[in-house]
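In the numbering used here, the protein residues as written are 2 to 413. Glycine included, every Cβ here is placed at the ideal spot set by N, Cα and C. Structure first, then comments.
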RNA sequence: CGGAGAGUAGUAUAGUGGUAGUACACAUGCUUUGGGAGCAUGAAGUCCGAGUUCGAUUCUCGGCUCUCCGACCA
């Protein structure tokens, strides 16, 4: 994409009052726009990153047999009443003009909706197991939205639900999802820690969370330095300095961001909502269910919180909005155009800074702020050597590469 | 929901009970081009409501919004 055509631009000033790095950097660089507290628009650059993250999540969900669907955000009262989740404070409620009372809630979780769907297709043990997921906006009436897109009232979430004939099948799949989640976070450049936790309003059972250690995190975990066994302080009886119950290693306390979670709901919802199947003997049994969530927008915030320096964002290649930031300095735009086209032809995603009214300093500053992993600079100076300069966002080294070797350098 | 702070131009800020200033961004022209450029000209602003006052952007009260701390928290 030509930067001269990008409708957003960067700003030198940090937005007033913001403290969270993700809020400051994403807004300054033009990735997001804050419409209200905890309610954000994703602009071209930000939406590209979101799509990259969604792509990774999708691949890993598909790899474990998750089938992608799309459910409504509007959930009618009748779905939520049987599970006694209709009237919770977490909801944003809505109604038609003629109704007196709210008869819809904007979806903050979709167990009920998907269970209704599953009821139509699940009659026999032969129909099980299966899993389905969606990537969709969730609405939660957070008492205190905060920290940019880390904790929003409207946010992007992937929610996966699995359905099983027995607990063994569920446990088996639970482990598969766990592995997939580790892969997703790793591919996003994050080290996640599998943490034993409670379920808040959602369940009285233990659950598991995927935590990324970060000072801005709202959670606190007790983490074994040796084997990385971890428990959330919400439910833990451990203290810092204790010995790990698994391996005897030393327990330390860390602030962390919850980027994902998995819930074994057992047969709670299927009983409440009437989701049964017939086993081999023709007997009716409740379906075993589990739910697995990843907040995509929170994941994006977490990546920014953990990948930045004083000049801006440093995107991991896997989620960067573009592969290459091509910058042309001075009067060499025809050579710049050629390189842009040649790279684009090879499916390399290029943000091409072709703006001729901007100074070199401003282009470099923008480039650092936006944080594309690889920068390619072409100028009179480099052209004298038939070359371009290459610099990685996370390095200070500048490499000179001849133009004819550029594509293979980038593709390697 | 409790506590604290803040609302002045697109953004970030200064200031004043009596004509509102600066920087960036924006528009026009010229110059400039390797780390957020220079000169000139121009357009653009006091969150909403009530009160005090001859007069309120400034003081008082109420509201709304935003940020932070806490409570809460798939």
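Endpoints, alpha helix (DSSP H) assigned at residue 342: 334-346
message: Applying the 10 Å Cβ sphere with the 16-neighbour rule, what's the burial state of residue 262?
response: buried
message: If I follow the unbroken alpha helix (DSSP H) through residue 381, where does it start and stop?
response: 381-384
- prompt: Going straight from the alpha carbon of residue 7 to that of residue 64, what length do you get?
  reply: 35 Å
- request: With DSSP as the reference, please indicate the residues paired to residue 198 in a beta bridge.
  value: 208
- prompt: What are the partner residues of residue 1, as DSSP defines its beta bridges?
  reply: No information on residue 1 is available, as it lies outside the stretch 2 to 413 that the chain covers here.
The region 231-241 touching the region 42-52, judged by at least three CB pairs closer than 8 Å: no
- prompt: Short check: CB of residue 371 to CB of residue 314, under 8 Å?
  reply: yes
message: Can you tell me whether residue 239 is helix, strand or coil according to DSSP?
response: coil
message: Going residue by residue through the region 104-144, where are the continuous beta strand (DSSP E) segments of at least 3 residues, counting only ones entirely within it?
response: 105-107 and 131-140
- prompt: Near residue 70, what residues of its chain come up, given a Cβ to Cβ distance below 6 Å and the 5 sequence neighbours on each side ignored?
  reply: 133 and 135
- prompt: Distance, Cα to Cα, residue 83 vs residue 108?
  reply: 16 Å
field: Alpha-carbon spacing of residue 408 relative to residue 211, whole angstroms
entry: 38 Å
message: Taking the alpha-carbon of residue 378 as reference, which of 395, 412 and 341 has the nearest alpha-carbon?
response: 341
- prompt: Taking the alpha carbon of residue 118 as the point to measure from, which residue in 86, 80 and 92 has its own alpha carbon closest?
  reply: 80
query: Do residue 105 and residue 139 have their CB atoms nearer than 8 Å?
result: no
Per-residue DSSP class, three states only, for residue 175: helix
query: In angstroms, rounded to a whole number, what distance separates the CA positions of residue 102 and residue 146?
result: 26 Å
- request: Under 8 Å Cβ to Cβ from residue 1, same chain only, skipping five residues before and after it: list those, please.
  value: Lying before the first or after the last residue shown, residue 1 is absent from the chain, which here runs from 2 to 413.
task: Compute the beta-carbon to beta-carbon distance between residue 344 and residue 351, rounded to the nearest angstrom, for a pair I have assumed lies under 8 Å.
output: 5 Å
- request: Take every Cβ of the region 251-271, pair it with every Cβ of the region 211-229, and state whether three or more of those distances are shorter than 8 Å.
  value: yes
task: Can you have a look at residue 160 and say buried or exposed, based on whether 16 or more other CB atoms are within 10 angstroms of its CB?
output: buried
- prompt: Who are the Cβ neighbours of residue 285 in its own chain at under 8 Å, not counting the five residues just before and after it?
  reply: 277, 278 and 279
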